[in-house]
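Residue numbers (UniProt numbering), protein chains in the order written: chain A, 1 to 234; chain B, 1 to 234. For each residue, glycine too, the CB sits at the ideal point set by N, CA and C.
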DNA sequence: CAGGCTATGTCAACGGCGTTGACGGATGAC
DNA sequence: GTCATCCGTCAACGCCGTTGACATAGCCTG
């Protein structure tokens, strides 16, 4: 992997495309997100991106070294969208919960980007701002530095992990998703209550919750546990 | 997506490959895992798998409908490896912790498979056994059904989410990983303490923990929170 | 206005990918 | 021995990311 920061931001000579479009990093990122949103996760390829832009696919490489670079840029865009207009309320539980839910939903809006970007580090401004905001909430609430950093890590990784998982499920072709659901139900139906008593006893609850994400509940658990540790410190 | 269960398990006529290998589902799965382990995540392609098997790539399609089917089979294999030799101890905290750590490390051993398989449902025996084991631990501990199912979902998704995230990080080419790390450090070094006071105050702690997974800590938080809810019920 | 420089869009090509359909040699049944 | 069938092989299709050579538009200098 070579350097990031590809073509030096100072770009003055812009030649319009054969089809009359003037390219830019911003336009490419927006078009990529639109492509994902409209035509599904797997529609994001350089060739289709070029077609959607009205430009030759290889023109993208004047703005990003590779698709990996493009994805990092998209990732930072998503973080920015998640944090837009957010303000701390002073209630650290509510703040943490709000940040988590925003990250989760921002990533879910663009599943493929989430899956590929969740574990990367962009080092760009939106990401740094988000880190600062989370640490601010925790340290202002009174967590000692060591504990704040641990909780920060657990919180971020949990949020991104759930987002990646849920996004991956969303990114599945509809046929595969319903096939998976049918596999669950038929495998439950076939189970013997004597060999799998606990599944049999809770089958109705298990399948009922299958569609929705477990993230909000897990987030509450994390916040509760953190609150307990904070109380114990006093 | 078409039906699973591809070529009917009763297969009697096996012709050896040009290179003298006798194929089977099991051999293909094992070879695929070996390929991932030895040559990295992106080495698993049908063509390289064929080469590693000593067979024509298209021969794989006699045993699996597609690479997706193959991945589901690999996923169930991983779950089986994670649960091998596990026995409940009667201490639900210890049991839950042990199951979580086993899932996490089994998936980390095969990052690419984890990333692709974590969100899928195989409906095979290993998966069902794992679900039964987890539910058994929770219900035996005294959690009411509704609560047990909720914690089950949070627990499984958290484990798989972290596993997918950590696996994705492991699956990165070494160059990209160190590049990400350098980006972190240099972005911290450049930060102004007046604009990002909380990052500046904890920078030494943040970078120190960067390499290790936050999963064990998050797992403890979840178990603590679950314990608190159990205590509140009594 | 002329000429050149260079940024940037275009083109053609490379090698790799998953997947498919036709082919035919080996295998087991009788 | 004959025959049907399984299953490994081959060749091909249409995608993919990426690259290097080329051409041309826009700006700068004079």
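Taking a Cβ-Cβ threshold of 7 Å, the residues of chain B close to residue 121 of chain A are 180, 183, 184, in chain order. In the three-state DSSP reduction, residue 155 of chain B falls in the helix class (H, G or I).
The Cβ of residue 150 of chain A sits closer than 8 Å to at least one Cβ of chain B. Non-local beta-carbon contacts of residue 145 of chain B in its own chain, meaning distances under 8 Å to residues more than five positions away in sequence, involve 139 in chain order. Per the C-alpha coordinates, the member of B/126, B/62, B/81, B/224 positioned closest to residue 96 of chain B is B/224.
Under a criterion of Cβ atoms nearer than 8 Å, no residue of chain B is adjacent to residue 105 of chain A; the nearest Cβ is some 16 Å distant. Counting along the chain, the unbroken alpha helix (DSSP H) around residue 97 of chain B starts and ends at 92-108. Judged by beta-carbon spacing, residue 121 of chain B lies within the 8 Å limit of residue 183 of chain A, meaning their Cβ atoms are closer than that value. Pairwise C-beta distances place the stretch 48-66 of chain A out of contact with the stretch 81-92 of chain A, as fewer than three of them are shorter than 8 Å. If you compare the alpha carbons of A/201, A/14, A/106, A/80 with that of residue 128 of chain A, the shortest gap goes to A/80.
Its Cα nearest to that of residue 20 of chain A, the residue A/54 stands out among A/36, A/54, A/228. For residue 81 of chain A, the enclosing alpha helix (DSSP H) has its first and last residue at 67-83.
Short of 6 Å from the beta carbon of residue 31 of chain A, and not among the five residues preceding or following it, lie these beta carbons of its own chain, in chain order: 52, 53.
Flagged as an interface residue toward chain B: residue 161 of chain A, by a C-beta distance shorter than 8 Å.
Comparing alpha-carbon positions, the option among A/37, A/45, A/137 lying closest to residue 227 of chain A turns out to be A/137. At a C-beta separation below 7 Å, residue 187 of chain A has these neighbours in chain B: 123, 128. Identification of chain B residues near residue 100 of chain A by a Cβ-Cβ cut-off of 9 Å yields none; the smallest Cβ-Cβ distance measures about 13 Å. Membership of residue 217 of chain A in the alpha helix (DSSP H) is indicated by the continuous run 215-232. The beta carbon of residue 154 of chain B sits closer than 8 Å to some beta carbon of chain A. Inclusion of residue 206 of chain B and residue 200 of chain B in the CB contact set at 8 Å is not warranted, their separation being larger than that value. Nearest C-alpha to residue 63 of chain A among A/23, A/94, A/36: A/23. Scanning its chain for C-beta atoms nearer than 8 Å, with the 5 sequence neighbours on each side dropped, one finds around residue 74 of chain A the residues 29, 32, 33, 110, 113, 117, in chain order. Note that the C-beta distance between residue 163 of chain A and residue 99 of chain A is not below 8 Å. In the structure shown, the three-state DSSP call for residue 180 of chain A is helix.
Residue-level contact by beta carbon holds for residue 139 of chain B and chain A, with a gap shorter than 8 Å. In terms of CA proximity to residue 186 of chain A, A/204 leads the group A/169, A/194, A/204. Going by DSSP, residue 132 of chain B is part of the alpha helix (DSSP H) stretching over 125-141.
Closest in C-alpha terms to residue 91 of chain B, from the list B/159, B/134, B/195, comes B/134.
Residue 37 of chain A: member of the alpha helix (DSSP H) spanning 25-39, first to last residue.
Comparing alpha carbon positions, the residue from B/166, B/14, B/151 closest to residue 202 of chain A is B/151. By the neighbour-count criterion, in which a residue is buried when 16 or more other Cβ atoms sit within 10 angstroms of its Cβ, residue 196 of chain A is buried. For residue 136 of chain B, the nearest CB of chain A lies under 8 Å from its own CB, placing it at the interface with that chain.
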